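Residues in the sequence shown are numbered consecutively from 12, following this note's numbering.
A short worksheet on the structure shown next.
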Amino acid sequence: MDHGIIGLMDPAHGPFVHQAWWWRSRHSIHEKTEEFRAHSNGFRMSAHTPSSNSVPYKLLRLYAAADSITTTIDFVLPNLRSEVIRAGKYWFSSLTTVTPITRSQCRIDVVAAWNIFTWCRSGLNC
């Protein structure tokens, strides 16, 4: 459970843990700072430009100018992470929860909604 929650709360782990040829490479890692503010029962990573080294975020440039693309992430203790990505009039939203199952196992659930990537309406059609 602790590892699941830390993964949701630690934005710095992404470039090191989630590396792949199509996502992020070790060579694309760069220093970046974000602003965090207290938010009801947790904290918010204020709206900011998403990582420039992430191919999925680069795809958003098909819909809006790079400087108008933002993401806002909320962490609500003890187990919620929500993210809203905006690209002009388009958006993508996700909610992730971590639920303990046993002392050594947890369940991570993700639900998403969007009005972007209209060709992908459900997990079965992507």
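The beta carbon of each residue, even a glycine, is placed where N, CA and C say it ideally should be.
From a predicted model like this one, the values you see are computed outputs, not experimental measurements.
Leaving aside the five residues before and after residue i along the sequence, list all residues of the same chain whose C-beta is less than 6 Å from its C-beta, in chain order.
| i | result |
| --- | --- |
| Leu71 | Ile80, Ala98 |
| Ile112 | Arg118 |
| Ala58 | Thr81, Thr83 |
| Ala124 | Ser104 |
| Glu45 | Met56, His59 |
| Thr91 | Contrary to the premise, residue 91 reads as Leu rather than Thr in this sequence. Excluding residues within five positions, the ones whose Cβ falls inside 6 Å are Thr108. |
| Val122 | Leu106 |
Along the chain, where does the beta strand (DSSP E) containing residue i start, and where does it finish?
| i | result |
| --- | --- |
| Ile127 | Unbroken run through Ile127: none, as it is neither H nor E. |
| Leu106 | 101–111 |
| Thr81 | 80–87 |
| Arg97 | 91–98 |
| Ala58 | 53–59 |
| Ala49 | 47–50 |
What does a CB cutoff of less than 8 Å around residue i pick up in its chain, not counting 5 residues either side in sequence?
| i | result |
| --- | --- |
| Ser51 | Val87 |
| Phe47 | Phe54, Arg55, Met56, Ser57 |
Spatial neighbours of residue i within its chain, please: C-beta separation below 7 Å, excluding the five flanking residues on both sides.
| i | result |
| --- | --- |
| Ile127 | Tyr74, Ala98, Tyr101, Trp102, Phe103 |
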